[in-house]
Amino acid sequence: MTQQSIFEPEGRAVPYIEEGEGPIVLVLISAGSPEKDGLGVVSHYLDEEAGFRIVRIGERAAGATRDERVADARDLMDHLGIERTWVGGYGAGGTVARAFAAAHADRVNGVALLGVEPEEVPLVPLVPVLIIQASDDTVTPRANAEALQALAPERVSIKTVDDADHFFPVTHPVETAVIIEEYLDWD
């Protein structure tokens with residue numbers, strides 16, 4: 030298992046886990062602790078099987094606002110030397126990823142959302158969005174994904190994990206990882 034590290038700029042304690050060294054970089058923003066976010070197997074697959082570099086960023090122990098989480102992600106990316114990346118997240122982490130993309134469009138190659146919260150966060154012009162949606166998710170239902178896709182159907186794609194509920198990254202990690210790999214690895 031990959032060890033969690035702590036990034037501590039200006040007294041903040043931002044937990045993160047980094048795996049891989051590949052040319053495709055994906056920053057996943059967790060809804061809580063990166064050790065307990067359910068994305069470990071997905072990340073490990075993308076590192077080992079697809080050769081991606083994955084950084085999972087957690088939430089500070091004391092909690093943070095969405096804007097503070099966006100700043101944490103930006104500062105950690107600077108610290109790790111990541112200039113541009115795909116950014117994404119699962120559930121609430123995806124909402125923070127959308128806010129990151131809106132605030133730092135120049136640093137984003139695309140957005141990968143694992144389930145979509147019905148939050149009012151603008152889509153960045155010209156940036157592709159991959160939505161991975163479970164067929165039986167009642168927490169972040171397909172209607173949320175379809176509403177987001179309706180805003181920019183030419184660049185928002187929805188891929189479905191069949192026979193899965195809201196916990197699909199945990200129950201169907203390989204299927205989830207393969208969708209990400211095939212979408213992000215175009216060469």
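For the sequence shown, the numbering used here begins at 30 and goes up steadily by one. Cβ atoms here follow ideal geometry from the backbone N, Cα and C, with glycine treated the same way.
Annotated as proximal: S72 and I83, with beta-carbon spacing under 7 Å. Shown here for V137: same chain residues with a beta carbon closer than 8 Å to its own, the five before and five after excluded, namely R113, T114, W115, V116, F129, A130, V153, V156 in chain order. Annotation: the continuous beta strand (DSSP E) that includes V54 extends over 54-58.
With contact defined as three or more Cβ pairs closer than 8 Å, the region 47-63 and the region 180-189 are not in contact. Only residues of its own chain outside the window of five on either side were considered, and among them D76, F81, R82, I83 have a CB closer than 6 Å to the CB of G49, listed in chain order.
In summary, T205 is buried, with 16 or more beta-carbon neighbours lying within 10 Å of its beta-carbon over all protein chains present. The three-state secondary structure of G122, taken from DSSP, is helix. Around T200, the same chain offers A193, D194 as residues with beta carbons nearer than 8 Å, after the five sequence neighbours per side are excluded.
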